[in-house]
Ligand code: COA
Ligand code: AMP
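Numbering (the UniProt record's numbering), first residue to last: 1 to 639.
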């Protein structure tokens with residue numbers, strides 16, 4: 001097993017001498033001041049990598065490749081299946097766009113450390129705005145376009161941005177999404193005052209910036225007009241530990257958590273992961289079919305491929321229906337994609353539409369080497385289908401917004417390890433994965449428990465939560481002393497392969513999108529007829545999970561069930577966004593609770609998923625769960 005040894009040796013080095021290992025890896029990026037010290041531990045458990053290093057992330061993603069004579073190489077390949085448009089930017093062209101837009105932001109008063117919210121569809125401006133913000137040493141926070149104004153407002157209030165960058169709209173298969181009214185509403189709702197909104201005009205939208213001038217006290221500016229007059233801005237040197245971005249993710253409560261990523265250790269982790277996990281470098285093409293609004297998009301649409309000097313594909317489209325189930329294979333063939341990264345839900349959607357895998361045969365996929373999947377567990381049936389359809393190895397890998405890159409993967413840049421369906425393979429060098437029981441003791445192989453990562457986490461993982469070290473400590477670091485608690489449960493087998501079984505909290509995963517049932521309960525519970533409610537995620541053959549609400553009405557509430565459902569669906573859409581895909585509502589007499597009043601969501605979920613369930617001895621009234629069971633069971637009268 002000489003090959004496997006490479007992974008084993010690398011992993012052993014990363015745990016025996018993490019500081020030496022990562023200091024060596026730090027040479028993969030260009031520093032203004034190279035770090036002499038690997039890790040600052042004085043504020044443990046809040047660690048900081050490369051404390052004395054200085055660099056600029058956008059320089060590493062762009063300028064250094066141009067300086068090395070690769071200015072004409074492809075950097076960004078935009079392919080819009082929605083509009084039938086394609087455009088490729090070389091490194092030189094992308095750098096020119098980024099330095100110009102950095103000049104625009106500087107002209108609007110953005111300086112190092114200031115925040116910029118980016119609320120854009122999958123268009124090149126999204127990548128340009130991210131890199132331009134980073135160029136100034138400012139901090140971006142990208143908000144996924146499928147989120148409603150209230151969610152945008154919550155992020156505005158938490159991040160306190162000087163500027164918002166947006167576009168007139170996004171194109172969804174069934175409709176055009178007007179962004180500007182949503183931004184205006186968010187600005188009016190938010191307590192924080194934003195100085196300026198920069199709008200990239202797209203044709204075909206009814207609202208224009210002129211309609212909103214002054215909304216929330218912000219000035220509305222046109223991207224193209226400002227860019228025409230802007231002075232290009234050079235890269236601003238920042239400390240490695242300075243924040244590069246804030247990315248909000250769902251926790252158990254309705255208030256999102258702002259994951260903070262630093263500049264220096266992030267750049268190192270991105271560079272290291274491209275060659276060692278994905279095996280992709282200059283001259284190759286990586287396509288991550290996600291959205292820049294999610295961590296997968298931050299890391300593997302934008303930063304990692306560009307830092308590595310590869311080309312990256314930005315795809316505005318869906319896996320099916322734009323126009324057909326061959327869309328992914330068309331893009332992979334036309335752009336010579338070497339490595340494709342997508343979510344299981346996208347593969348399941350394609351498989352449903354093209355079960356016999358006729359579409360891949362219509363395209364030349366000879367360059368495609370590997371398919372990576374993340375976002376939720378890759379079920380063995382989909383893994384097998386995709387492997388046979390594409391005739392390439394298919395790898396699941398497991399990670400989170402918080403970690404920023406894979407915790408467990410098949411690191412094909414090191415060795416291609418045997419695939420065990422249902423497992424995202426083995427811990428990536430830098431991550432020490434342990435399975436702990438509720439008291440924090442390690443459990444033997446094969447036994448399920450809480451998945452925890454020993455501290456310090458490697459470079460590229462979260463520094464803290466924006467504005468609250470305390471919340472970071474409480475939510476992640478104080479659950480098991482000396483560990484980061486992932487919130488996932490699972491087990492390790494005898495060979496050290498991990499199996500991730502699901503969340504231990506009330507976070508759900510709909511089409512690979514992480515959502516909080518707590519936030520949905522807040523929206524449902526605000527309806528005047530609703531006394532109380534529980535929203536749980538139940539297994540869905542296409543989307544992985546889908547949210548289902550169980551609602552107890554106020555006594556005397558006169559409500560037609562269909563009408564109530566429509567109103568609740570509308571409430572969740574307008575407060576959280578269409579992306580929650582909230583449709584199922586069931587009126588029940590009572591919710592099962594413990595004697596202390598905690599709703600037994602886990603038991604409800606187990607019954608709904610048809611898996612063995614446990615009813616805690618602390619249940620208040622066992623008759624409630626008995627009455628609810630027929631409604632919860634798969635095929636029960638849910639919508
Ligand atoms: N902006 C605005 N609205 C958006 C949006 C965006 N960026 N993305 C999704 N939505 C809306 C959709 O228009 C839809 O609205 P509707 O209810 O009015 O039709 C709703 O959110 C749900 O959309 P979607 O999640 O795309 O579900 P779908 O049933 O239309 O399509 C899939 C199913 C599986 C094809 C689709 O979910 C998909 O492509 N999933 C892959 C997602 C992914 O890559 N996740 C991984 C992140 S790592
Ligand atoms: P997000 O932060 O949106 O990336 O979601 C992270 C969560 O999604 C993880 O904590 C897991 O619950 C789930 N997840 C992501 N990838 C996988 C995977 N490959 N296998 C199992 N669960 C996954």
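Don't be surprised by glycine CBs; every beta carbon is placed ideally from N, CA and C.
Closer than 8 Å: residue i CB and nearest ligand 3 heavy atom
i	result
residue 566	Ligands displayed in this structure: ligand 1 and ligand 2; ligand 3 is not among them.
Ligand 2 heavy atom lying under 8 Å from the CB of residue i
i	result
residue 398	yes
residue 452	no
residue 294	yes
residue 55	no
residue 265	no
residue 299	no
residue 141	no
residue 488	yes
residue 570	no
residue 249	yes
residue 448	no
residue 374	yes
residue 507	yes
residue 492	no
residue 151	no
residue 605	no
residue 500	yes
residue 261	no
Given residue i as reference, the closest of the options once Cα atoms are compared
i	options	result
residue 565	467, 587, 577, 546	587
residue 469	47, 392, 558, 186	47
residue 76	404, 370, 18, 337	337
residue 404	209, 160, 260	260
residue 544	512, 113, 562	512
residue 486	496, 451, 533, 556	451
residue 147	197, 250, 207, 111	250
residue 30	116, 50, 60, 66	60
residue 157	224, 79, 248, 177	248
residue 410	374, 384, 389, 80	374
Residue i - containing alpha helix (DSSP H), residue span
i	result
residue 304	304 to 307
residue 101	91 to 107
residue 607	601 to 608
residue 624	622 to 632
residue 209	Note, residue 209: premise wrong, no alpha helix (DSSP H); not H, not E.
residue 328	327 to 334
residue 21	18 to 25
residue 405	No alpha helix (DSSP H) contains residue 405, which DSSP labels as neither H nor E.
residue 187	179 to 189
Closer than 8 Å: residue i CB and nearest ligand 1 heavy atom
i	result
residue 202	no
residue 144	yes
residue 516	no
residue 513	yes
residue 342	yes
residue 355	no
residue 345	yes
Distance CB(residue i)-CB(residue j) smaller than 9 Å
i	j	result
residue 22	residue 427	no
residue 28	residue 316	no
residue 122	residue 291	yes
residue 482	residue 45	yes
residue 124	residue 97	yes
residue 327	residue 35	no
residue 11	residue 445	no
residue 548	residue 591	no
residue 369	residue 339	yes
residue 320	residue 353	yes
residue 164	residue 196	yes
residue 62	residue 306	yes
Span of the beta strand (DSSP E), counted from its first residue to its last, around residue i
i	result
residue 501	498 to 503
residue 546	544 to 553
residue 372	370 to 373
residue 257	257 to 262
residue 286	285 to 288
residue 385	Here residue 385 belongs to no beta strand (DSSP E); instead the alpha helix (DSSP H) covers 380 to 390.
Whole-Å CB distance - residue i paired with residue j, under 8 Å assumed
i	j	result
residue 551	residue 579	Their Cβ separation, rounded to whole angstroms, is 21 Å, which puts residue 551 and residue 579 out of contact at 8 Å.
residue 641	residue 258	In the structure as shown, the chain starts at 1 and stops at 639, and residue 641 therefore has no counterpart that could be examined.
residue 72	residue 58	The pair is not a contact, with the Cβ atoms about 19 Å apart (cut-off 8 Å).
residue 603	residue 611	Actually they do not touch by this definition, with Cβ atoms about 11 Å apart.
residue 433	residue 407	7 Å
residue 524	residue 514	The pair is not a contact, with the Cβ atoms about 19 Å apart (cut-off 8 Å).
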